[in-house]
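Asker: Same order as they appear, the protein sequences are chains A and B.
Going by my numbering, the first sequence opens with residue 1, and the numbers climb by one from there.
Going by my numbering, the second sequence opens with residue 1, and the numbers climb by one from there.
This is the structure, below, for whatever I ask next.
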Amino acid sequence: MTQQATDFTLDTAAELAEREQGPIEGRSPWYLAWRRLRRNYVALGSLVVFLLVVIACIGAPWYAEHVAGTGPNNTHLTDTITVNGEQVDVISAGGTVTDPNTGQITIKPVTVLGPQLWRADGKYVLGADTLGRDVAVRVLYGGRNSLLIGIVSALICTLVATILALIAGYFGGWSDWGITRTFDLIAALPVILLGIALGAALAINGFHHGPINIESGSLWIPILIISVILVAYVGRPLRGQILSLREKEFIEASIAQGSGPFRVMLGELLPNIASTILVFFTLIIANNILVEAALSFLGAGVQPPNPSWGTLISEGQERIRTAPWLTIVPGTAIVLTVVALNIFGDGLRDALDPRAKVRIEH
Amino acid sequence: MAAFIVRRSVGAILVLAAVSFITFAIFIVIPGGDPAERMAGKNATDENIANIRSTWGFDQPFYVQYGKMMQKVFSGDLISYTTQQNVIQEIKRGLPATISLAVGAAIIWLFFGVLVGVISAVTAGRWSDRGITILALIGISMPVFWLGILARYYLGPENAGIFPDGGYVPLTDNPAEWLYHMILPWFVLAVLFIGFYGRVLRSNILDSINEDYVRTAKAKGLHPRRVLLKHVLRNSMIPIVTLFALDFAGVIGGGAILTETVFDLQGVGQYAARSVRSLDLPPIMAVTLLGAFFIVFFNAIVDFVYAYLDPRIRPS
C-alpha cells in the first residue's frame, strides 16, 4: 500500500526528459503526480472498487425494479418465492407443532429466508430481514445514504477547514488566535458523545430557528454534525502548512506587487495546499462513513425506516442469532468501501507529495 | 516552567468551562429538549408541567440554570431528570468497568501496535510487511461495534464457546471471571488502534532509519538490534507517546461508548448512551465534562513532557 517514498522521488521532469531522450520540459506537479499514481496498481484498483460501490448504490432503484422486484421498504411477511422450482416462505411462521404419533409438542421458531444468491432469480440475493424486506435492496439504498452523508460532510468539512485555515494563517494575530482556540475546543469535546446527544435531540423535532429549517428525519442532521466534529482535524494541519508558506518569498513578492488578501489566499496559498486538501478529502470520506455508521448504530444518525449501513447493522444486531446476514452484509459493505478509500488515499498522498505526512487521527 | 504550568492550567479550566457551556447551550437551543414536558409524561396538564418547571428551576433564566447545574456537578448533588438518581453516584458505579476496559485495551494496543510497526518496518517491502499492512488497514477500516457484535456472537457460548456472552464482573468480586469477561472487549477495542499505531510507527521508523545518527551508530559497529532499539525506536516512539496519551484519554472519556454498549459492560459510556436516548441532560453534562477533563488533562501532560524532553519547543 504505502510504497516507499524513495520509489517516487526520482520521478522528476529532468528524469522524464532523460528517459524520453528529449529536452527538459516543464511539467506540472499534477502531471508528475498522475505519472506516479498510474504505476500504483493497488491504489488504482482501490479507486475502481470504490467507484463500483458508488455506481452500484446509484443504480439501486434499477436493481430494485428489474432484479429484486421490490422496494427498500416493501415488506413481504406472507409472500412465497420460487427457489429451484420449490415454493419457499419468505418468513415462515413459528408456533408449536404437535407430533401426531408421540403427541410431543415442539416449538418452531420464526425463520427468515437466508441469502439465496442467484437461486431465486435475483430475489433475496442476500436474504430477507424479519419484515421480509430484501436485504440486497436495502443495503444498496442504505449505501446511497451512507455515501451521500460521507461525501457531502467531507466536502463541507474540508471547505470550512480550508477557509478557516486560510484566514488564520494569512491574517495571523487575533483571527489566528480565535480560530486556533476554536479548533482546540472542538478537539477537546468528547465528539462521539456530543454527536450522539445532538443527533438524538434533533431526531425528535428537527431544528427550526430563524431561516434554518431542518426536518427531523433529514440527512442534513448527521451531515452537519459530522462536518463540525471533524473540522479541527483537517483545519489544524492545514493552518500549520499555511503558516510556513506565509513566510516564503513568493508570498512576499505577491504582496509587494500589490495583491490583496483575497488574491494571495486564493491565487498563491490555495494552489500550494491543494494536494493536501485532496488527500484529506479522500481519507475523510472514509472516516465519515465510519462516524455515520457509529451515530446511526446508536440511534442518532439516519432514522429508520430510512436505511443506512449503520442503521442496518443496528437492526441486524437483535437478530444475529436467527439471521446473522442482517449484520454481516452491511458491515462488509462498510469495510469494503472504507478499505478501498483508505488505500486510494494513501496512494494519492504518495503520488502527490512523496514526502508529505498527511494523517487522519481517529 | 512554573509559568508554563500555570498558563496551561488556566487554559484547561477555560476550555472545560466552554465545553460545559456548549453542552448546556445545545440542550437549550434544541426544541425537543424541554425537560419539564418529558418529565410530566404524556397526559400531563399545563399546571403539572408548570409545577415541574418551577420545582426544578426550568423557568429561570438560562444562565441561572447553568450556574446551578455547575454547582451541583461539583457538589455531587446532580440528579437525573428521568431516573431521579444521583448522576455522580451512577458514574462512580460505572467507572471501574470503563477503566478496566480502557487500561486493558491500551496495554494490548500499545504492545501489539509497536510489535506490528517494528516487524513491518524491519521487513519493509517483503510479504510479511505487505500482509501486515493490509491487515492493519482492514483493522482501521472496521466499525468497532460491528466487529464487537460478530465477535461476541461467533466466539460466544452459542458458537465457539470460548468467551462469555458480554457482561461485566468486578475485579474485586472474582479476578478470574473479570479477566474472562474483559479479554474480548479489550481486543475488539484495541484492533483499530493496533492498525493505526502500526502504520504510524512503520513510517516513523522508515523515516528515521535513514538519519545520520543511525548511520553513525551502525558505523561504530553496534549490533543491529541495539541500533534498532536504542537509536531508531526511541526516536520513532515520540509521536506514538503523544497519540497514546490522547487516545487513552479519549477512550476513558466516552470513546469506548460503542464497545461498552455492544458488550453490555455497564460502564460510563453505556450510561451516557442510555441517557442520550432519553435526552437526560444532567448525565450527559457530567459525562461530557469528565471526558473533556481527561482529554484536556492528558493534552497538558503531553505538552509538559514534550517541553521537558525537547528544549526547542519549551515556551519562552
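Note that beta-carbon positions come from the ideal geometry of N, C-alpha and C, so glycine has one too.
Predicted model, so just to flag it, every value in this text is computed and none were measured.
Apart from the five residues just before and just after W178/B, which ones in its own chain have a Cβ nearer than 6 Å to its Cβ?
Answerer: Once the five neighbours on either side are set aside, the close Cβ partners of W178/B are V169 and L171.
Asker: I think L201/B touches V118/B, with their Cβ atoms under 8 Å apart; what is that distance to the nearest whole Å?
Answerer: Right, their Cβ atoms sit about 7 Å apart.
Asker: Which residue or residues does DSSP assign as beta-bridge partners of I79/B?
Answerer: Answer is N86/B, bridged to I79/B.
Asker: Give a yes or no on whether the C-beta atoms belonging to E260/B and T98/B are separated by under 8 Å.
Answerer: For E260/B and T98/B, yes; Cβs fall inside 8 Å.
Asker: Looking only at C-alpha atoms, which of I284/B, T133/B, Y153/B and V296/B sits nearest to T242/B?
Answerer: Here the closest residue by C-alpha is V296/B.
Asker: Could you check the C-alpha separation between S275/B and T123/B for me, to the nearest Å?
Answerer: Each residue's alpha carbon lies about 48 Å from the other.
Asker: Under 8 Å Cβ-Cβ, which residues of chain B neighbour R321/A?
Answerer: Per Cβ cutoff of 8 Å: Y153 and E158.
Asker: When you compare only the Cα positions, how much space is there between I313/A and F145/B?
Answerer: Approximately 9 Å between the Cα atoms of the pair.
Asker: Let me see if you follow: with CB-CB separation under 8 Å, is M142/B close to chain A or not?
Answerer: Answer yes: the Cβ-Cβ gap between M142/B and chain A drops below 8 Å somewhere.
Asker: May I ask which residues mark the beginning and end of the beta strand (DSSP E) holding D89/A?
Answerer: Looking at the DSSP string, the run of the beta strand (DSSP E) that includes D89/A is E86 to D89.
Asker: Could you pull the start and end residues of the alpha helix (DSSP H) that V251/B belongs to?
Answerer: Run containing V251/B: none; DSSP gives neither H nor E here.
Asker: Express the C-alpha separation of V110/A and G103/A in angstroms, rounding to a whole number.
Answerer: Distance between the alpha carbons of G103/A and V110/A: 22 Å.
Asker: Tell me whether E252/A is buried or exposed, calling it buried when 16 or more other Cβ atoms sit within 10 Å of its Cβ.
Answerer: Exposed is the call here.
Asker: Please confirm if the stretch 186-196 of chain B is in contact with the stretch 89-108 of chain B, defined as three or more CB-CB distances below 8 Å between the two stretches.
Answerer: The stretch 186-196 of chain B vs the stretch 89-108 of chain B: in contact.
Asker: With 8 Å set as the bound, which would you pick, yes or no: does the beta-carbon of S293/A sit closer than that to a beta-carbon of chain B?
Answerer: Note on residue identity: the sequence assigns Ala, not Ser, to residue 293/A. Yes, A293/A counts as interfacial toward chain B.
Asker: List the residues of chain B whose Cβ lies closer than 7 Å to the Cβ of V53/A, in chain order.
Answerer: Near V53/A there are no residues of chain B at all, since even the closest Cβ is about 13 Å away, more than 7 Å.
Asker: Leaving out five residues on either side along the sequence, give the residues of the same chain with a beta carbon under 8 Å from the beta carbon of V264/A.
Answerer: Counting only Cβ-Cβ distances below 8 Å, and skipping sequence neighbours, we find Y170, I251, S254 and I255.
Asker: Closer than 7 Å, Cβ to any Cβ of chain A: which residues of the stretch 167-197 of chain B, in chain order?
Answerer: From the stretch 167-197 of chain B, only L192 and F196 have a Cβ closer than 7 Å to chain A.
Asker: Starting from the C-beta of V15/B, find all residues in its chain whose C-beta is less than 8 Å away, skip the five residues before and the five after it, and write them out in chain order.
Answerer: Closer than 8 Å at the Cβ level, and outside the excluded window around V15/B, lie A292 and V296.
Asker: When you compare only the Cα positions, how much space is there between F244/B and S100/B?
Answerer: Straight-line Cα distance between these residues: approximately 17 Å.
Asker: Taking 8 Å as the cut-off, does the stretch 311-331 of chain A touch the stretch 177-195 of chain A (at least 3 CB pairs, one atom from each stretch)?
Answerer: Verdict: no, contact absent.
Asker: Examine chain B for any beta-carbon lying closer than 8 Å to the beta-carbon of T111/A, and answer yes or no.
Answerer: No, its Cβ sits nowhere closer than 8 Å to a Cβ of chain B.
Asker: Can you grab the Cα-Cα spacing for the pair P239/B / L230/A, in whole Å?
Answerer: Between P239/B and L230/A, the C-alpha separation is close to 21 Å.
Asker: Alpha carbons only, please: which of I212/A, A60/A, D121/A and A14/A is nearest the one belonging to L147/A?
Answerer: Of the candidates I212/A, A60/A, D121/A and A14/A, the one whose C-alpha sits nearest the C-alpha of L147/A is A60/A.
Asker: Quick one: what's got a C-beta closer than 7 Å to C57/A's C-beta in the same chain, skipping five residues either side?
Answerer: If we look at C57/A and ignore the five residues flanking it on each side, its Cβ neighbours are L140, G143, R144 and L147.
Asker: Taking all protein chains shown into account, do 16 or more other C-beta atoms lie within 10 angstroms of the C-beta of Y63/B, making it buried, or fewer, making it exposed?
Answerer: Per the 10 Å Cβ criterion, exposed.
Asker: Given this structure, state the Cα-to-Cα distance separating H76/A from E215/A, to the nearest angstrom.
Answerer: Straight-line Cα distance between these residues: approximately 29 Å.
Asker: Quick one, are the C-beta atoms of I226/A and I179/A less than 8 Å apart?
Answerer: Their beta carbons are not under 8 Å apart, which means I226/A does not touch I179/A by this criterion.
Asker: Using DSSP bridges, identify the partner residues of S92/A.
Answerer: Answer is T111/A, bridged to S92/A.
Asker: Using DSSP with H/G/I as helix, E/B as strand and the rest coil, what is V214/B?
Answerer: V214/B: helix per DSSP, three-state reduction.
Asker: Tell me the residue span of the beta strand (DSSP E) that contains N213/A.
Answerer: That run of the beta strand (DSSP E) goes I212 to I214.
Asker: Which residues in chain A have a C-beta closer than 7 Å to the C-beta of T288/B? List them in chain order.
Answerer: Residues of chain A passing the Cβ test: P190, L193 and L194.
Asker: In the DSSP output, what is D134/A paired with across the bridge?
Answerer: A128/A, per the DSSP bridge assignment.
Asker: Is V287/B near I91/B, with beta carbons less than 8 Å apart?
Answerer: Going by C-beta atoms, V287/B is nearer than 8 Å to I91/B.
Asker: When the Cα of L326/A is compared with those of G132/A, A33/A, A17/A and G22/A, which residue comes out closest?
Answerer: Of G132/A, A33/A, A17/A and G22/A, the residue nearest in Cα terms is G132/A.
Asker: Within 10 angstroms of the Cβ of A203/A, are there 16 or more other Cβ atoms? Answer buried if so, exposed if not.
Answerer: Counting Cβ neighbours within 10 Å, A203/A comes out buried, since at least 16 surround it.
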